[in-house]
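Trainee:
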Amino acid sequence: MSAAAHAEHDHAHGHAHHDEGFIQKYLWSTDHKMIAMQYLFTGIAMALVGGFTVYAFRMQLAFPGMPVPGYGRVTATDYNALVTTHGSVMVFWVAMPVLIAALGNYLIPLMIGCDDMVFPRLNRLSYQLFLLSAIVLMASFYVPGGAFGGAWTSYPPLSAKAEYNLTGLGSSMWLFAVALEFAAFLLGGINFITTVMNSRAPGMKMFDVPIVVWMIIIASILFMASVGPLIAGAVMLMFDQQLGTGFFDPAKGGDPVLWQHLFWFFGHPEVYVVLLPAMGIVAEIITVFSRKKLFAYKTVLYTAIGTGVLSFFVWAHHQFIAGIDPRMANVFSVTTLLISIPVAEMVFVYIGTLYGGSIRLTTPMLWALAFIAEFLLGGVTGIFLGASGADIYFHDTYFVIAHFHYTFFPIAFIGSFAAITYWFPKMFGRMMSETWGKVHFWGTIIPFNLIFIPLFLLGARGDHRRIYDYRHFPDLMKAGMQDLRILATLALLVLLAFQVVFLVNLFHSIFRGEKAAANPWNANTLEWQAPSPPPHGNFPQGLPNVYRGPYEYSHPDRAEDYWPQTEPEAAKS
Amino acid sequence: MIRPIATTREMTGMPTGRLAVWWLIASEIVIFGGVLGSYLMHRIGHKEWAAASEHTNTWAGAFNTLVLLTSSLSAVLAHNAALRKDGKRAAKLLWATIGGGGIFLVVKSIEWTTEIQHGYTITANNFWSFYYTAAGLHGLHVIAGMIVMMFVAADAAKGKELQRVENAGLYWHFVDLVWIFLFPLLYIAK
Amino acid sequence: MIDQYVESISTFSGDIDNVIWVVFLIVGFWFVLAELVFFGLIFKFLAKPGVKAKYVSGERPEEKRWVTLPHYATLAFDVAIIVLAIKVWHDVKIDLPKADSTVRVISQQWAWTFVHPGPDNQLDTPDDITTVDELHVEKDKTYHFELTSRDVLHSFSVPVFRLKQDAIPGRIIKGWFKATQTGQYDIQCTEICGIGHGIMPARIIIESPAQHRTWNQSNAPKVADAAPTTPPTQLGGMP
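If you read the protein sequences in the order shown, they are chains B, G and Y.
Letter by letter, the first sequence follows residues 0 to 572 of numbering that gives the first Met the number 0.
Letter by letter, the second sequence follows residues 0 to 189 of numbering that gives the first Met the number 0.
Letter by letter, the third sequence follows residues 0 to 238 of numbering that gives the first Met the number 0.
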């Protein structure tokens, strides 16, 4: 709190000309937009790590025992480390930084008409802690024993003792990195929440706040309220690893299942922590590109809050067969299926928004629509797993993997691509190539389905998770099963190859793209009233006032089909 | 270096600094809730921990409770002084609070040394593991609070940033409150 | 649906398949309906020159019912699924029928040890038969299993039975099964348990009463001398 309090007294404006060094400008900046870019590009770099690990272990699954080009032979130890790293990186170092930290940082001050976060220095510190956590995680690959291989859920006793996991130092580094990352996002979350509570533009009432900002705030509160027990659990597990305590060691009176409760009490809300911002992004994009008011704004908010509250009461559905009292499964089955109601309702609202629209299939709109189409499948397949009776069979099979990738991939990637392509003109002052954007879109969506539909089938046929070579299981080598594994891997290769298109398009457009106007999409929200890209301080013409909600598209009283939030009532035509 | 900019607004009617401290406290409550919840679940399942907890020094714990409560009082008085714009007096009272934190830590370290000498180390059994983990985590918060107050006191003595006296005090009350939960759970409960 | 791929040969495997089938029908219907409406709306309302979008707030009751009606429909279907799932859950995991025989399943990094009661059908007697990575059971006989672990978490999964249960060191977890068919099938460890997790397969051998009697008799005397008769709770740590 002390680090940033100076800023409270800083009313200074009009700082047009600065001579800044590279480090000051790119690495030591307190500008929320620069910090957002730091999160974004760190997230993209970590996505490459996550992509490389999945490449290596999917190749092993399709062609077991053969050396993987660019990696070499994948041993059982490697396989576990790769799977663990893929899961941890994609959730904690890609989805979280890109969806919450990068977009939250970029959008919150701009969308609420403020010049920066209320604690700019705290913001910088959050990123630095986050970067440090990523470095610690990556460094764990190079310590004796190698990176942790006990899965991203890190269940003790496997994760607690070096004699079991054989990666004593790697396990502790993984744990430290995760805990540090949580600390970074806790600080970031406090910053987000206080900024939105206190620093909205004059006239911006609660229901004038764009949905994406609401979603990021609800997600930050969810994160804050759920992560504490896991931070406590991480300290306890660290002591088990390094000091030899027995918090999770049954031989010393501890309880390994306690960790599962602490982990999933956070782990399930975490799903919604990343889902809600993605839902928010989609709300912004479908309203703009169907030129429609958001269908039932308040319903979206209430369902988001309802989902958030319910998400604290569903965690044990990850543990139906984990040895908890089987009667608990009844309670958690009920809560789990109930959470389908607000989430489904949110999807209905978005579909309803399309009704009567004037839909333009731009690249960001394609991503936003694909999010809804794909997430639906991820959502409905969750019902199989929440229904305790059916979960006995599906638990820890590839059906689970396919299910959560149908939720997480739309969230982390489709949502991020939607956001990047939509806000790119604002971020960099240039347009992205639509043609290459669409090539990348189809080159991602088609292989994505070809990866995970086979995995649903494999899961139904009994393939269980985290097995590096299925040839040891006669029942899992029946006709056709290896073909499905190979199909999934080949589709993955195609998907990865098309990400090159994205990266080239991204960097080419940053430097060579066509210059963008301030408001190229004719959108209402405040960020589009700032220049593209906005300078430090965001609104050089003075901080805006707000006169109406964010989704007044195609209002019958107006000739234009949009009505910026900042336009005074007097200018009504 | 360019100065960070952030326009101060108070849409909620509460100063941003204080609002942030409240959210910080909220997130800390959940962390301590995780430790204490885990402890209670274990404690209920292990009646034999009562025997272990008899080896804690209840009198030292009670004395420390008193010390923390007194230091919270001086934090309140510091806030009152800050409201009267009396930075010098606020700083003095904050230093008194810091002193209270210091006494707390000294007593704590004597306690721990004695216990460790008697073989009650963090690995002795799970009661002691929780004892050191929970109290240690709390101790770190005491230290953090003291460091923060040193900076705030140094500024306050010069009459600067007086609104921070209240924020530091709020945080200190929270640290105090955590101890009010820890003391009976770790020392007294049989 | 599942039984087309994985045989269904326990008394409850059919029930679990039915839950899966019913859930599939319900969510399949909603999924297809939602996607049809979704794509239908996209194609119907693609931008046309000169046509302005409608201004609909979605806050008026007659508009909102397009969300609230599906909302109640979801609730109704959820309740149906919950009732069905919980009933099957009770049969498999909570209401254990009376056992004809009990076997002990001990997992460790990275092997399964099975303790069979032997010819006298009593565990912890000298004629217990201990095997590694091979579980012998008799068809049409209700078995209880006592599952534990010597080191980390494992999970005892018999896909053809639709049976899965995590093993926890320091605890004995009970469950049951009754095979309806003879044959040899996979037992899999489905909880990551270290670098050997992928090489922890075992086989379940379901025998006819006659075969099982023969197996019991031919194995019991020889193995009995070496069989550990200590209960698994005292077997902490790695062997």
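We put the beta carbon where it would ideally sit given N, CA and C, even for glycine.
Going by beta carbon distance, what residues of the same chain come within less than 7 Å of Ala182 of chain B, once the five residues before and after it are set aside?
Mentor: Leu128
Trainee: In whole angstroms, give me the CA-to-CA distance for Thr101 of chain Y and Pro63 of chain B.
Mentor: In this structure, the alpha-carbon of Thr101 of chain Y lies about 38 Å from that of Pro63 of chain B.
Trainee: Can you give me the C-alpha to C-alpha distance between Ile93 of chain Y and Gln318 of chain B, rounded to a whole angstrom?
Mentor: Taking C-alpha positions only, Ile93 of chain Y is separated from Gln318 of chain B by approximately 15 Å.
Trainee: For Gly388 of chain B, count neighbouring Cβ atoms within 10 angstroms of its own Cβ and tell me buried if that reaches 16, exposed if not.
Mentor: Looking at its Cβ environment, which holds 16 or more other Cβ atoms inside 10 Å, Gly388 of chain B is buried.
Trainee: Quick one: which residues of the segment 319-334 of chain B get their C-beta closer than 7 Å to a C-beta of chain Y? List them in chain order.
Mentor: Of all residues in the segment 319-334 of chain B, Ile320, Ala321, Gly322, Pro325, Arg326, Ala328, Asn329, Ser332 and Val333 have a Cβ within less than 7 Å of some Cβ in chain Y.
Trainee: Going by C-alpha distance, which of G:Leu93, G:Arg2, G:Ala89 and G:Ala19 is nearest Met196 of chain B?
Mentor: G:Ala19
Trainee: Quick check on this structure: which residue in B:Asp248, B:Gly536 and B:Leu494 has the alpha carbon closest to the alpha carbon of Asn125 of chain G?
Mentor: Cα-wise, what sits closest to Asn125 of chain G is B:Asp248.
Trainee: Looking only at C-alpha atoms, which of B:Ala233, B:Ala80, B:Ile450 and B:Pro228 sits nearest to Leu166 of chain B?
Mentor: The sequence as given places Thr at residue 166 of chain B; Leu does not occur at that position. Of the candidates B:Ala233, B:Ala80, B:Ile450 and B:Pro228, the one whose C-alpha sits nearest the C-alpha of Thr166 of chain B is B:Ala80.
Trainee: Ordered along the chain, which non-local residues of its own chain (more than five positions away) have a Cβ less than 6 Å from that of Phe160 of chain Y?
Mentor: Contacts found: Ser9, Ser12 and Phe176.
Trainee: Counting contacts by CB-CB distance shorter than 8 Å, is Asp185 of chain Y in contact with chain B?
Mentor: yes
Trainee: Going by C-alpha distance, which of B:Gly381, B:Ile382 and B:Tyr349 is nearest Ala367 of chain B?
Mentor: Out of B:Gly381, B:Ile382 and B:Tyr349, B:Tyr349 has the C-alpha closest to the C-alpha of Ala367 of chain B.
Trainee: Report all residues from its chain with a CB closer than 6 Å to the CB of Ile24 of chain G; omit the five preceding and five following residues, and keep chain order.
Mentor: Phe173
Trainee: Looking at chain B, is there any beta carbon in it that lies within less than 8 Å of the beta carbon of Thr73 of chain Y?
Mentor: Thr73 of chain Y counts as touching chain B.
Trainee: What does DSSP give as the partner residue(s) for Pro108 of chain B in the beta ladder?
Mentor: BP columns for Pro108 of chain B are empty, so no partner.
Trainee: With Leu494 of chain B and Val273 of chain B assumed to form a contact (beta carbons below 8 Å), what rounded beta-carbon distance in angstroms separates them?
Mentor: The Cβ separation is near 20 Å, so there is no contact.
Trainee: Is the beta carbon of Ala59 of chain G less than 8 Å from the beta carbon of Val106 of chain G?
Mentor: yes
Trainee: Taking the C-alpha atoms as reference points, what is the distance between His14 of chain B and Met278 of chain B?
Mentor: A caution first: His14 of chain B carries a pLDDT of 43, below 50, which makes its placement in the model too unreliable to give a value.
Trainee: How many angstroms separate the CA atom of Pro230 of chain Y from the CA atom of Ile171 of chain Y?
Mentor: With a pLDDT of 47 at Pro230 of chain Y, under the threshold of 50, the modelled position of this residue cannot be trusted, and the question is left open.
Trainee: Going by alpha carbons, who is nearest to His105 of chain B out of B:Trp422, B:Trp441 and B:Thr488?
Mentor: The residue you asked about is not His; residue 105 of chain B is Tyr in the sequence shown. Measuring from the Cα of Tyr105 of chain B, the nearest candidate turns out to be B:Trp422.
Trainee: Listed in chain order, which residues of the segment 287-308 of chain B have Cβ atoms closer than 8 Å to some Cβ of chain Y?
Mentor: Ser289, Arg290, Lys291, Lys292, Leu293, Phe294, Ala295, Tyr296, Lys297 and Thr298
Trainee: Report the option in B:Pro201, B:Val53, B:Thr74 and B:Ile391 whose CA atom is closest to the CA atom of Ile111 of chain B.
Mentor: B:Pro201
Trainee: According to DSSP, what are the bridge partners of Ser156 of chain Y?
Mentor: Y:Lys163 and Y:Gln187
Trainee: Are the segment 286-295 of chain B and the segment 47-54 of chain Y touching by the rule of at least three beta carbon pairs closer than 8 Å?
Mentor: The segment 286-295 of chain B makes contact with the segment 47-54 of chain Y; the number of CB pairs closer than 8 Å reaches 3 or more.
Trainee: What span of residues does the beta strand (DSSP E) with Trp175 of chain Y cover, start to end?
Mentor: Ile172 to Lys177
Trainee: On the three-state DSSP scale, how would you describe Pro60 of chain Y?
Mentor: helix
Trainee: Quick one: which residues of the segment 164-183 of chain B get their C-beta closer than 8 Å to a C-beta of chain Y? List them in chain order.
Mentor: Asn164 and Leu165
Trainee: So with Cβ pairs under 8 Å, would you call Glu165 of chain G a contact of chain B?
Mentor: no
Trainee: Please tell me whether Asp77 of chain Y has its Cβ less than 8 Å away from any Cβ of chain B.
Mentor: Yes, because at least one Cβ of chain B sits closer than 8 Å to the Cβ of Asp77 of chain Y.
Trainee: Taking Cβ-Cβ distances shorter than 9 Å, what residues in chain G pair up with Ser198 of chain B?
Mentor: Per Cβ cutoff of 9 Å: Ala5, Thr6, Thr7, Arg8, Glu9, Met10 and Thr15.
Trainee: Tell me which same chain residues have a C-beta within less than 8 Å of the C-beta of Pro532 of chain B, skipping the five on either side of it?
Mentor: Lys32, Lys425, Met426, Phe427 and Gly428
Trainee: Could you check whether the segment 545-554 of chain B touches the segment 461-471 of chain B, counting it as contact only if at least three pairs of C-beta atoms, one from each stretch, sit closer than 8 Å?
Mentor: no
Trainee: In terms of residue numbering, what span does the beta strand (DSSP E) encompassing Ser106 of chain Y cover?
Mentor: Ser100 to Gln107
Trainee: Using only alpha-carbon positions, find the residue among Y:Ile19, Y:His89 and Y:Glu34 that is nearest to Phe370 of chain B.
Mentor: Y:Glu34
Trainee: Which of the three DSSP states is assigned to Ala295 of chain B in this structure?
Mentor: In the three-state reduction of the DSSP assignment, Ala295 of chain B falls in the coil class, being assigned neither a helical nor a strand state.
Trainee: Express the C-alpha separation of Leu475 of chain B and Asp16 of chain Y in angstroms, rounding to a whole number.
Mentor: Approximately 19 Å, taken between the alpha carbons.
Trainee: Would you mind sorting Tyr240 of chain Y into buried or exposed? The rule is 16 or more other CB atoms within 10 Å of its CB.
Mentor: Residue 240 of chain Y lies beyond the stretch modelled for chain Y, which goes from 0 to 238, so this question has no answer here.
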